[in-house]
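Structure, as structure tokens:
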Amino acid sequence: MELDPTDMGKVINRLKRAQGQLAGVLRMLEEGKDCADVVTQLSAVSKALDRAGFAIIASGMRQCLVESDGEETLDVKKLEKLFLSLA
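For the sequence shown, the working numbering gives the first residue as 10, with consecutive numbering after it.
The structure is reproduced here in structure tokens:
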């Protein structure tokens, strides 16, 4: 399943934002910041990564459905495995 580059713009931006958040978490740990604040930021990073993963899978599913031309091209088991890997 090939990913549509036009769909990936938002995903790339989300991942870059998560990368910045993760750098902030590392900085907070190095500076000895409050545990609750660190965990809150880490949770935000985790959610951003999950959303990026789901967006990638959704794009792939949409592409499979559009390109099917009546043939069964959607590998349900493969997509199920991808979804579960994010759970």
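For glycine and all other residues, C-beta sits at the position ideal for the given N, C-alpha and C. These numbers were taken from a predicted model, which means no experiment stands behind them.
Alpha helix (DSSP H) segment containing Leu-31, residue limits: Bounds of the alpha helix (DSSP H) holding Leu-31 are 17-39.
Contact between the segment 34-48 and the segment 15-25 (3+ Cβ pairs under 8 Å): no
Nearest-angstrom beta carbon gap, Gln-72 and Gly-54 [assumed within contact, 8 Å]: Per the sequence shown, the amino acid found at residue 54 is Val instead of Gly. Not confirmed; about 27 Å, so no contact.
Beta-carbon gap between Leu-8 and Ile-66 smaller than 8 Å: Beyond the ends of the chain as shown, which are 10 and 96, falls residue 8; an answer cannot be given.
Spatial distance of Asp-13 from Glu-89 (CA atoms): 20 Å
Same chain, Cβ closer than 6 Å to Leu-51, five either side skipped, listed in chain order: These residues qualify, in order along the chain: Val-34.
C-beta contact flag for Arg-36 and Ala-57 at 8 Å: no
Residue burial classification, Ala-32 (beta-carbon count within 10 angstroms, cutoff 16): exposed
Straight-line gap, Ala-45 to Gln-28 (C-alpha atoms, nearest Å): Answer to the nearest angstrom: the Cα atoms are 20 Å apart.
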